[in-house]
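In this note's numbering, the protein residues as written are 1 to 131. Every residue, glycine too, gets a C-beta built ideally from N, C-alpha and C. In what follows, a structure is listed as C-alpha cells, so that the remarks can point back to it.
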C-alpha cells in the first residue's frame, strides 16, 4: 500500500482477477468543513480501487496510470465504513477501462466512477515513458 492511501486509512481487501475492494473507516481527517466526507476522499477510493483492479490483470511488474475518470456522487456520508468495489470491464494492449461503486455501511450507493487507464511496462514510470 502506498503511503498516501495508508495515511488516509484505506485498506485493500480482495485484489484479483480484475476486481478490487477497498475499505475505509471515516474519521475527522476525512471530513470537509460541511462535516461530511470530502468528495476527494470518495474519488481517491474509487480511482485507487479501479487502478488496483487493472493491476490485478497485468503481468507482474507492470502498472497503469489514470488517463480519464468520471465520478457521480449520490449521497453524503458523515460516519461509518465505506467500501469501494471495482471491476475491469475491458482491457486492450495499451489501455483498460474499469468501473467502481462506493457503498456505505448500510450497503447504499454513495458514488460511482468509471475510468480509463494507460498500461505501462513498469509499476513506476520514468519521464520518458510518459511522453
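Problem - Expected contact under 8 angstroms - CB spacing of residue 9 and residue 24 to nearest Å - result: 5 angstroms
Handout entry: Cβ neighbours of residue 136 in the same chain (closer than 6 angstroms, five flanking residues each side left out)
Key = Beyond the ends of the chain as shown, which are 1 and 131, falls residue 136; an answer cannot be given.
Handout entry: Inter-residue CB distance, residue 78 and residue 36 (contact presumed, cutoff 8 angstroms)
Key = 5 angstroms
Problem - N- and C-terminal bounds of the alpha helix (DSSP H) containing residue 45 - result: 39-55
Practice task
Give, in chain order, every unbroken run of the beta strand (DSSP E) that is at least 3 residues long and sits entirely within the stretch 91-121.
Solution key: 95-103, 109-120
Practice task
Starting from the Cα of residue 45, find the closest Cα among 85, 122, 116, 119 and give me that residue.
Solution key: 85
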